[in-house]
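First up is the structure itself, then whatever we jot down about it.
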Amino acid sequence: MHLKEELNKQQLKAVEFAGKHLLVLAGAGTGKTRTIIARAAYLIENGANPSKIQILTFTKKAANEIVERVKASLPQSNGRSLSGATFHSWCNQLIIKYPNLFGAASYTVIDPDDQLGLMKMVSGSHSDVYSKLRIKPQQLLDVYSYARNTKKNLTESIRILIYKGKEDKDTEYEITAMKPNVEILLRAYQKKKMEQRYLDYDDLLLVVSTQLKTNPEARKLLSQDLDYLLVDEMQDTNPLQWELLSPFIDICNLFCVGDDAQSIYSFRGADFKNVHQFKERVPNSEVFKLEKNYRSTQEILDISNWLLEKSPIDYKKELQSVRGDGEVPLLLNVSDEWQEANWVADEILKNYTDEDRRFSDHLILSRSQYYTKTLQAVFIRRKIPYVTYGGRKFLQAAHIKDLVSLLRIVNNPYDEIAWVRFLTFWEGIGEVRASRIMAVIIADEGKTDIPTLLQGAIPGKDGIKIAELYNAVQKEKGKVGKMVDIAYDAMSLGLAFRYRKDWIEKRKGDFPVLKLLANSYSSLGEFIGEGLLDNAEKMNGAPVLSESQLETDEEKDHVIISTIHSAKGLEADVCIVLNVSPKSFPSAWSLDDVDAIEEDRRVLYVALTRAKNRLIITRNTASIAAIHKKSIPSNNGQQSDDAETYFLTAIPDGLVRQETIGHDFKTVKDAPEPNKIDLSSGMDFS
DNA sequence: TGAGCTCTAGGCTAT
DNA sequence: CTAGAGCTCA
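For reference, each letter of the first sequence is one residue, going -11 to 674 in the numbering used here.
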């Protein structure tokens, strides 16, 4: 096996592990992904049934990549039935596969937008309760989700999410006062979810884990399905995910990989106890370590190690480069986002023409999706091809949801959100009329077929048209691509009109992509559920499905712009980390919360360790100057300790070389010359 | 009742 | 920049 020669001793020991359960603690760049791939290949080569191996990762992209690479390393067709999924999509698949066991097969998976819509409806219908609270519907959902993911009670979840974990008397009093009202609203939300056969993201995990915990029949069925469970990014699993995994300790062999220094999802309830307490929690288990870094040059690891050393948490980790020395990282001070973006574009074009690097050798990382919009504007203008990872999901775009609403009501006639969306799509039907039509359909409880009801409830030609459309789509149930086609034929005119402002430029092109996506699913339920969980990759602003669907090498050569959270597992020759400024690292949201600050430190650590050869860190000159002034103590005595907490304060000499670009517009290519206007004209002061 | 307009406030990270 | 509130007109 050719993979074997590429493994070091530690990796090989993990890959060939013959015991029951294993946790591999693998620092950044130590070959974590390679090890999990080799493990899967090893198991298959040694007689394991690939259909009984399940790989679990955090993003669909990571899952696909691992599966593809395992298959590529095996003789043809050997690993065809190997599957990889996210926790969520795996649960969704199980729910569809065993409709009787989980009893939720024709349920509709709803995304955060739908959840918010539902919570708003609940808040509206309980306005007496809601008006007493100073909490927004989104916060109610956050509390609800946090409580379910962390298994903490409502009081604790409110304290942590709404009151930043405070424990003083006033806080206590307020929580006690509001809790009953929050409870009423959350219960009402739950009830509505059940009535309309909805599963939110957390429900997917809960439905499966509850069955596994309480029903021996479920454990028996799944033990026939599974021999090996391979879990990536173990440090980012939360208590709910642990609860889902733990029944499998008796059912199959666990092989988990993770790195506590890269735990960056605590806002979602991730708990690295799942890593630290692995040995105590899992009988018959062992823990191995991978320590040699193959990715980066020593200079890149020096600054990464330095960042981690500064933490009050002892990660017991110091990465050593196998590759040796290289370039000293560059710390670039810029005066604004446009200058930063233009400098980045210059750097990339220079590397492309002078240094024989490809666009795809560049990875640009940012804390938030939002921050990269300036950069994207500059890349488009300067014709630098790029893809973005992270951000809004493809199926969450308004025009896509319009079309999918029809598929959703075919899948689940109780889906009120989809009914309202579908009905109000048509001219002359607004929310009020849509609610009435929907009430008729739901009250009928499936006695009459839906096209007949629609025709009766909507007068004239429109009623016939809508009923026929519903009918036509329903007939193709099972062929998801065909359903999308029929829906698009009937709705494209309306869509073009509704989104006329940017239809041609932005939206129209999404529908062929939607069809491709739909074709890759074998059932409507999977498409609606999993499609939602699919991260859309965007190429110069337009969605693409995956790398493999691109034809030429030229199309595959593009810069990657990603949020740090979406960049886990990625690496690149040149890595540019944007805006590592005060108030950003750590983020202004994290101040006065030690855990949050430390999480931000790990976020930066993940970003820095993506670089193979060249690391460039940018930051804003003005915000650096601001923290050094420190001369404006605020009125309430809250001394700003930004300078203390800012991660790059007191960075030792030699760890980076600094460069500062001033307000010199000559370095900003294509900067428009400001027009001179006369604001004093048109006014007679006499 | 529906549709289209303007104005304002608030914006992280993710399945 | 975007969602949503509030307004006007048909």
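Think of the CB as a built atom: it goes at the ideal place given N, C-alpha and C, for glycine as much as any other residue.
If the criterion is Cβ atoms closer than 8 Å, does the pair Gly314 and Asn88 meet it? Taking 8 Å as the cut-off, the Cβ atoms of Gly314 and Asn88 do not count as close.
To the nearest angstrom, how far is it from the Cα of Leu210 to the Cα of Gly67? For Leu210 and Gly67, the gap between their C-alpha atoms comes out near 20 Å.
Using beta-carbon positions only, say whether Leu187 and Tyr95 come within less than 8 Å of one another. Cβ distance < 8 Å, so Leu187 and Tyr95 count as in contact.
I think Tyr30 touches Glu4, with their Cβ atoms under 8 Å apart; what is that distance to the nearest whole Å? By a beta-carbon distance limit of 8 Å, Tyr30 contacts Glu4. Their separation comes to about 6 Å.
Three-state secondary structure (DSSP) of Gly7: Three-state result, Gly7: coil.
How many whole angstroms separate the CB atoms of Tyr303 and Gly19, which I take to be in contact at a CB cut-off of 8 Å? About 18 Å; that fails the 8 Å criterion.
For His546, does the three-state DSSP call read helix, strand or coil? Correct three-state label for His546: coil.
What residues in its chain sit with their C-beta under 6 Å from that of Lys277, if we drop five residues either side in the sequence? Hits under 6 Å: Leu13.
Compute the distance between the beta-carbons of Gln184 and Val594, then report whether it is under 8 Å. For Gln184 and Val594, no; Cβs fall outside 8 Å.
Gln308 - partner residues in DSSP beta bridges: The partner list for Gln308 (beta bridge, DSSP) reads Lys280.
Measure how close the beta-carbons of Leu174 and Tyr132 come, nearest whole angstrom, since I'm counting them as under 8 Å. Between Tyr132 and Leu174 the Cβ distance is about 5 Å, and since that is below 8 Å, they are a contact.
Check each candidate in Lys496, Lys467, Thr143 and Leu0 and name the one with the smallest Cα separation from Gly513. Of the listed residues, the one whose Cα sits closest to Gly513 is Lys467.
Give every residue of the same chain whose Cβ lies closer than 6 Å to the Cβ of Ala584, excluding the five residues on either side of it in the sequence, and list them in chain order. Excluding positions up to five away in sequence, the list reads Ser578.
Cα-Cα separation between Asp102 and Ile288, rounded to whole angstroms: Each residue's Cα considered, the two are about 43 Å apart.
Using the Cβ count rule (16 or more neighbours within 10 Å means buried), how would you classify Gly588? Position check: residue 588 holds Asp in this sequence, whereas Gly was assumed. Buried, because 16 or more other Cβ atoms sit within 10 Å of the Cβ of Asp588.
Answer with buried or exposed for Arg122, where buried requires no fewer than 16 other C-beta atoms within 10 angstroms of its C-beta. Exposed: under 16 other Cβ atoms inside 10 Å.
Thr138 versus Leu233: straight-line alpha-carbon distance, rounded: Rounded to the nearest angstrom, the two C-alpha atoms are 14 Å apart.
What is the DSSP secondary structure of Ile417, counted as helix, strand or coil? Ile417: coil per DSSP, three-state reduction.
Starting from Leu173, trace the alpha helix (DSSP H) in both directions and tell me its first and last residue. DSSP places Leu173 in the uninterrupted alpha helix (DSSP H) bounded by Lys157 to Glu183.
Quick one: what does DSSP say Ser111 is sitting in, helix, strand or coil? Here Ser111 sits in helix by DSSP.
Per DSSP, the bridge partner or partners of Thr551: Note: Thr551 sits in a beta bridge opposite Ser354.
Residue closest to Ile397, alpha-carbon to alpha-carbon, out of Gln443, Ser356 and Asn459: Of Gln443, Ser356 and Asn459, the residue nearest in Cα terms is Asn459.
Quick one: residues in its chain with C-beta nearer than 7 Å to the C-beta of Lys1, no 5 flanking neighbours on either side, listed in chain order? Correct list, in chain order: Phe276.
Please list, in chain order, all residues of the same chain as Ala176 whose beta carbon is under 8 Å from its beta carbon, the five residues on each side excluded. The residues are Val110, Ser113 and His114.
Going by DSSP in three states, Glu433 sits in which element: helix, strand or coil? DSSP places Glu433 in coil when its eight states are reduced to three.
Close beta carbons around Ser356, own chain, < 8 Å, minus the five adjacent residues each side: Excluding residues within five positions, the ones whose Cβ falls inside 8 Å are Thr551.
What residue from Trp326, Thr341, Asp349 and Asn339 has the CA that sits closest to Arg369's CA? When the alpha-carbon of Arg369 is set against those of Trp326, Thr341, Asp349 and Asn339, the nearest one is in Trp326.
Reduced DSSP secondary structure (H/G/I, E/B, other) of Phe75: Of the three classes helix, strand and coil, the one that applies to Phe75 here is helix, per DSSP.
On the DSSP letters alone, give me the boundaries of the beta strand (DSSP E) that Arg607 sits inside. DSSP places Arg607 in the uninterrupted beta strand (DSSP E) bounded by Ala599 to Asn608.
With which residues is Cys244 paired in a DSSP beta bridge? For Cys244, the beta-bridge partners assigned by DSSP are Leu11 and Val219.
Which residues in the same chain have their Cβ closer than 7 Å to the Cβ of Leu643, if we skip the five residues on either side of it in sequence? Around Leu643: Asp290, Ile291 and Trp294.
Segments of 3+ residues assigned as beta strand (DSSP E) that fall wholly inside the segment 43 to 71: Whole beta strand (DSSP E) segments, 3+ residues: zero.
Does DSSP put Asn676 in a helix, a strand or coil? For the chain, the structure presents residues -11 to 674; residue 676 sits outside this window and is missing.
Would a C-beta distance cut-off of 8 Å place Lys167 and Thr198 closer than the cut-off? In this structure, Thr198 does not lie closer than 8 Å to Lys167 by Cβ.
In this structure, what does DSSP give as the bridge partners for Arg645? Checking the DSSP bridge columns, you'll see Arg645 partnered with Leu318.
So Glu328 and Leu566 are supposed to be a Cβ contact under 8 Å. How far apart are they, rounded? Glu328 to Leu566, Cβ: 7 Å. Contact.
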